[in-house]
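Visitor:
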Amino acid sequence: MKKNQGSSCGILSGGLGPLIREAHVNARGEIEVLARPANLSKVLSFLQAHPECGFSRFVGIFVDSRKTEGAVDGFSLSYLLRGDDEKNFCRIRVMVDAGDILPSSSRVVPGALWSERLAWDFFGIPFSGHPDLRNALHSRIEVGPAGNRGENVLVIGPKHKGMGFSVLLQLHLEGEVVRRLVVHPGGSLPRMECTLEDVMPIGHAAGGGQSGFFVRLACARAVESLACVKLSVPVCRRRVMLSEMARILAHLRAIAEMNEILEQSKAAELARNARDKLLPVFLRHQAGVVAGGVSTAFLDEDREALLDFCQRFSDIPERLEQVSPFLRLRMAGIGVLSGNEAMEMGCSGPVLRAAGIMHDLRQEDADYAGLPMEIVCGRSGDSQSRHLVRAAELDVSLKIVQACLSGMDGEEPASLEDLPEKFPEGEVYEAVESAQGEVGAHVFSRGGEGSGLVLRLRIPTGFHLSALPALVEGHMVDDVGVIMASLGLGGSGSQP
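Residue numbering for the sequence shown follows my numbering, starting at 62 and increasing by one per position.
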C-alpha cells in the first residue's frame, strides 16, 4: 500500500458518506471510489480540495464497455486523479447504462472538457451541462459573416496529421483581432479493443514519428506493469536514451517551425540540420520498444554516431539564441497561461512547466535514477516561455543521452522478457513524459489471453487544444500561429 493511501481512503469514506457506494485500496495501492453518477462533481471537488487527500491533478476519463451477449448495454468510466506523488492515483468509478446522461464535471475540472467530448465521440455517452458537446467527426463549419455582430469568420486548417488528428479553426474576427475561436477536430485517436500483438503497432496510428514512439513506450510499460514484468537496468537505460533522442528531435522540429513562422531562416535551418543528423540513428531503433524490452541491437556505429552528435551540438541552445536574438521579443506576452489555469485544463509537459509548475514525470521515474535529470521551468507562461523551456530542455536531454552512452559496454543485443500467456484481471495506467507532455496508456484486462486487453490512450495535445480558444481571443490573427506552435499544435511540429 502506498504511503497514506489507507488514511486517505478512511477520510473519503467518512467525508463523502452517502455520496459514494464504497471506497477501498486496490491491489496496486490505488484508491478506488465507486461514486453515484449524480454526485460525481461533489466527489471530485472533495478529492481535489481536501488537504489530506490532495488529488489535484486530473489525468483523464477512461471508458470500458459492458457487454451482454455481445451487445453493449453499459459503461464503466474511470476518472483518474493524481496526487503530489506521481504514482499516487485515485480512481473514481461510475457505472452507467447505455443511454444514461452523466452530469458534466467540466466546471469542477476544466480538463474534463476534452475527455468528455472524446467519451461522447467514441461511445455516445452524453454529458449534461457540457458547453461544447459536439461530435468531432461531423462538425459543420459555416464560413462567412457571423450574423448581426458584423464579425467575419476565417477558417484555418486542416492541420498536420502529426497532431494525432486534423483540426479546423474557426476564427471570428473584428478587423484583425480574434474575438472568438471555435475548434473543430476532424478526427481523433480511435478507441481500441486489441490483442497483445496489436498494442505495439498502434504507435504509428497515433501520429507516427516521435509521437508514435512515446505512445509505444507507454503501451509497453502498461502491459509490463499488468504482467508484473521487471526489466534489467541496461534495457531501461536504452529506453531512456531513445526517449531523450525522441525529445530532442521533437523539440528541434518545434523550434524550427516557430522560427519559420516568424521568418527567422538561419535558426530554422540550424534546427533542421541538427535534427537531420540525429534522425537516422533514432529511426533504426524507434520500433524496437516493445512489451518485454527492446527488440533491436545497439551497435558500435550507433554509439559513434550519437557521440558525434552530442559533441557537435552540445551548445545548440546558445547557437539558436545567437542566430535569432529578436525571436523571444516577438513571442513575449502572447498567449499567457497561468500555472493554475494550465493545471485545471490538464496541460502537461513544456506548456505546464513554462507556467511555473515544476511537474515532470521523469523526476519520479525509477528508470532515470542516477542520471543528470533537471527540470526546466519558466515563469511567465507565455509563448516565449514555452519556446525557451523547449530550447533549454535540449541541453538536459543531451546530457542524459551522454550519461546513458557512458554506461554502455560496447554493443548491446536485443533483450526481451517473456510475457504470460494469460493476464490477470484488472486495469493499469502507465504514463511517460513525452516531448509534449503526459502520454498515458490505460489497459483493461478482463482476464485470459492477450485478446482480453482493452487499450485507451491519453494524448496531451487534446488538452492543450482545449486551452487554445482562451489564449488567442483578443490577440491579432497573426499571433494565432505563434500561440499554436508554442503549445505544440503547429503543423509539422506537433507531437504528443
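Every residue gets a Cβ at the ideal spot worked out from N, C-alpha and C, and that includes glycine. Predicted model only: the values in this text are computed from it and were never measured.
1) Measure the Cβ-Cβ separation of E499 and G172 and say whether it is below 8 angstroms.
2) Candidates I316, S409 and L77: which alpha carbon is nearest L101's?
3) What is the residue span of the alpha helix (DSSP H) that H525 lies within?
4) Just confirm the distance between the C-beta atoms of C297 and D428, as a whole number of angstroms; I'd bet it's less than 8 angstroms.
5) What is the residue span of the beta strand (DSSP E) that A84 lies within?
6) For C151, name the three-state secondary structure that DSSP assigns.
7) Within its chain, find whatever has a CB closer than 8 angstroms to the CB of I322; leave out the 5 residues flanking it on each side and keep chain order.
8) Is it right to say M419 is buried, meaning 16 or more other beta carbons lie within 10 angstroms of its own, or is it exposed?
9) Can you tell me which residues form a DSSP beta bridge with Y140?
10) On the three-state DSSP scale, how would you describe P295?
11) Suppose contacts are defined by Cβ-Cβ distances below 8 angstroms. Is G90 in contact with F116 by that definition?
12) Quick one: grab the DSSP three-state call for F484.
13) Could you tell me the distance, in whole angstroms, from the CA atom of V104 to the CA atom of A96?
14) Could you compute how far the alpha carbon of E285 sits from the alpha carbon of L529?
15) So who's on the other strand from P164, going by DSSP bridges?
16) Quick check on G135: does DSSP put it in helix, strand or coil?
17) Buried or exposed: where does E83 fall if 16 or more other Cβ atoms within 10 Å of its Cβ makes it buried?
18) Quick one: using the 10 Å Cβ neighbour count with 16 as the cut-off for buried, is P521 buried or exposed?
19) Touch check for the segment 343-352 and the segment 388-395: three-plus C-beta pairs under 8 angstroms?
20) Relative to the C-alpha of P485, which residue among I309, F387, D426 and L287 is closest?
Guide: By the coordinates alone:
1) no
2) L77
3) P521 to V533
4) 4 angstroms
5) I81 to V86
6) strand
7) G542, V543, A546 and G551
8) exposed
9) I122 and I153
10) helix
11) no
12) strand
13) 7 angstroms
14) 35 angstroms
15) S189
16) strand
17) exposed
18) buried
19) no
20) L287
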